[in-house]
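Working notes, beginning with the structure itself.
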Amino acid sequence: MNDTFNIQGPAVREEQLVELYRASQTQPTSWRGISDQVMGGVSSASVLQDVRQNASCSCLVGRTCLDNNGGFVQMRLEIEPDWLRADYQGVFIELYGNAQDYNLHVKTTQLTRPWQSFRCTLPVEPQWTRFIVPYDQLHAHRTDAELQPMNIRSVAVVAIGQAFDVDVCVRRFGFYLSR
């Protein structure tokens, strides 16, 4: 893995990171692609394994289109309940892609509608960046629920809300511990 990357968010030491996903060219990706076609939209996307700046990664590539009330594509990682711990303070994710804003969406068992999530926007650049996202930076979207971290069931990197060519890659994902 290329060790040169930017870091956005609070200072967290490497030993505080609890990695749940690391991309590998020898194993299939755990990320799954979803597009607005599930609700009649016409955006397209696929998830594939690739290498960017000498690092293995899982990439979401395609195009978002606003036709037919669409406008999103995503790659989602399911989170098993036994992966969660009460002392986690938030998530970390290492991303590379075209210069676009992408969303990080977190789903929990609290949410009952597909459009509900806890989310934040991540400014992705064509260089590896580690985003450190404390739980309190994940804002409730179309729900009055408060995030209960022990109820997290999936995370997704989402291209949403505007038409553009999607190209975003993940090489690592996980949670981070308190100091």
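Under the numbering used here, the first residue of the sequence shown is numbered 1427, with each subsequent residue one higher. Here a beta-carbon is modelled for each residue, glycine too, at the ideal position from N, C-alpha and C.
Query, Result
"According to DSSP, simplified to helix, strand and coil, what is GLU1440?", "helix"
"State the DSSP-derived secondary structure class of VAL1464, mapped to helix, strand or coil.", "helix"
"Tell me, please, whether the stretch 1550–1570 touches the stretch 1511–1527 by the rule of three or more beta-carbon pairs shorter than 8 Å.", "yes"
"For ASP1462, verify whether its CB is less than 7 Å away from any heavy atom of the ligand MG.", "Here there are no bound small molecules, and the ligand MG is not part of this structure."
"Please classify MET1576: is it buried, with 16 or more other beta-carbons within 10 angstroms of its beta-carbon, or exposed?", "exposed"
"Contact between the stretch 1446–1453 and the stretch 1557–1576: three or more CB pairs below 8 Å?", "no"
"Considering Cα atoms alone, identify which of GLY1488, ILE1460 and ALA1585 is closest to LEU1530.", "ALA1585"
"Rounded to the nearest angstrom, what separates ASP1476 and ARG1502 at their Cα positions?", "17 Å"
"In the DSSP output, what is THR1547 paired with across the bridge?", "ASN1529"
"Quick check: what's the CA-CA separation for VAL1594 versus VAL1487?", "7 Å"
"Three or more C-beta pairs closer than 8 Å, one from the stretch 1463–1474 and one from the stretch 1484–1499: is that the case here?", "yes"
"For a quick check, are the C-beta atoms of THR1490 and PHE1590 less than 8 Å apart?", "yes"
"Hey, would you say ILE1482 sits closer than 8 Å to ARG1597, going by beta carbons?", "According to the sequence provided, residue 1482 is Ser. The question's Ile does not apply to it. It is a contact, given that the beta carbons lie within the stated cut-off."
"Kindly give me the distance between the Cβ atoms of TYR1514 and LEU1603, rounded to whole angstroms, as I take these residues to be in contact under 8 Å.", "6 Å"
"Classify SER1472: buried if its beta carbon has 16 or more other beta carbons within 10 angstroms, exposed otherwise.", "exposed"
"Which stretch, first to last residue, makes up the beta strand (DSSP E) that contains LEU1503?", "1498–1504"
"Helix, strand or coil: how does DSSP classify GLN1563 here?", "helix"
"What residues are listed by DSSP as bridge partners for GLN1591?", "In the sequence under discussion, the amino acid at residue 1591 is Asp, which differs from the Gln named in the question. Answer is ARG1489."
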